[in-house]
Each structure stands twice: as structure tokens, then as C-alpha cells.
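Data block below; observations after.
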Amino acid sequence: MSEGEKVKGFNGHVYFTIDEIAHMLPGPARLMHEIGTRWWKVYYAAKEGNWPLAEYEIKETKELFEISMTTRPKYVQWMEPFMGESMKRVEDAIKAKNWKQFEEAYNQSIKDANDYHKAANKPLIHWKLPNTPPPDMEMKPQP
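Below, the structure written as C-alpha cells:
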């Protein structure tokens, strides 16, 4: 490779430079949709007593937050406290399999998330728990 030539990767169809690949990495605008969907599933899985599914969905949610903080570090100041405090309380309630504790922690997490949106100058983003379980997945424990 000559000096000045950019490293490229091939996806089976097209060669991409590292800069082009970096540009395609998802930021919070794309990731928050999936985070919201998984957070919705956390609630309804716990409500049905499907603690393993709730635990799985919270683990996946944390991984999405990690990606978001990597691609957009300016949001770390809000995402880290949310994960370390709000999500931790929900996770502790899931581990305890305690619905009352869970519901209290979950409701607080929604308030916290919306407060963080305001602090991040995104007050137009106000998340709320949908009134019904997600239609794409069974929330009840499976045999």
C-alpha cells in the first residue's frame, strides 16, 4: 500500500474506507429506538414473571448503551449515570424477582431517562411505557 492510500475493507460487494465505515456506525438516534423497544420488553417480561427474559433484555439494553457511548461520547455524562443508577435498580429488582421493587425502580428509570433527555437539550424526547406488551414476542415464561 502506498503512502496516502487509505485502508479499505470489503463486505462482499463494495470496498469501504475506515472513514466510510465509521460514518455508518449507529448513533443514539438509531440505537435509542432499539433501546426503547428492549426497555419496553423488560417491563412486560417482569410483569409476567418471566425474570430470565427481563434479565436478557436488560443485558441487551446495556450493550446498546455501550455502543452508543462509544460512537457518541458526548452523551456519556448522561448514559453512564442512567446505567449505573437507574438501570442498576431495575436489574437488582429483576435479580430479586420482586415485582413491587421492580415497578418502583422501572417507573423511576422512565423519569430519570426523560430528565436526562432534558439535560442533553433533547426535551422533545419524552419516553413512555406503551400500554400493551410488545406484539412480536411472548412475554410469559416458556416451558
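For the sequence shown, the positions run 13 to 155 when this note's numbering is used.
Note that CB positions come from ideal geometry on N, CA and C, so glycine has one too.
- Here P40 is buried. Its C-beta has 16 or more other C-beta atoms within 10 Å.
- Uninterrupted beta strand (DSSP E) stretches at least 3 residues long and entirely within the stretch 27 to 69 occur at 27 to 29, given in chain order.
- Taking every protein chain shown into account, the CB of N62 has 16 or more other CB atoms within 10 angstroms, so this residue is buried.
- Inclusion of I47 and I70 in the CB contact set at 8 Å is not warranted, their separation being larger than that value.
- The Cβ atoms of S80 and L37 do not sit closer than 8 Å to each other.
- Using a Cβ-Cβ distance cut-off of 8 Å, the stretch 75 to 93 and the stretch 118 to 133 are in contact, since at least three pairs of beta carbons, one from each stretch, lie closer than that value.
- The DSSP-derived three-state label of G24 is coil.
- Using a Cβ distance threshold of 8 Å, M151 and E60 count as a contacting pair.
- DSSP places I122 in the helix class (H, G or I) of the three-state scheme.
- When the alpha-carbon of W52 is set against those of P145, P153 and Q154, the nearest one is in P145.
- D148 carries a coil assignment under DSSP once its states are collapsed to helix, strand and coil.
- CA-to-CA, the gap between Y55 and K18 works out to about 46 Å.
- Scanning its chain for C-beta atoms nearer than 7 Å, with the 5 sequence neighbours on each side dropped, one finds around V88 the residues M81, in chain order.
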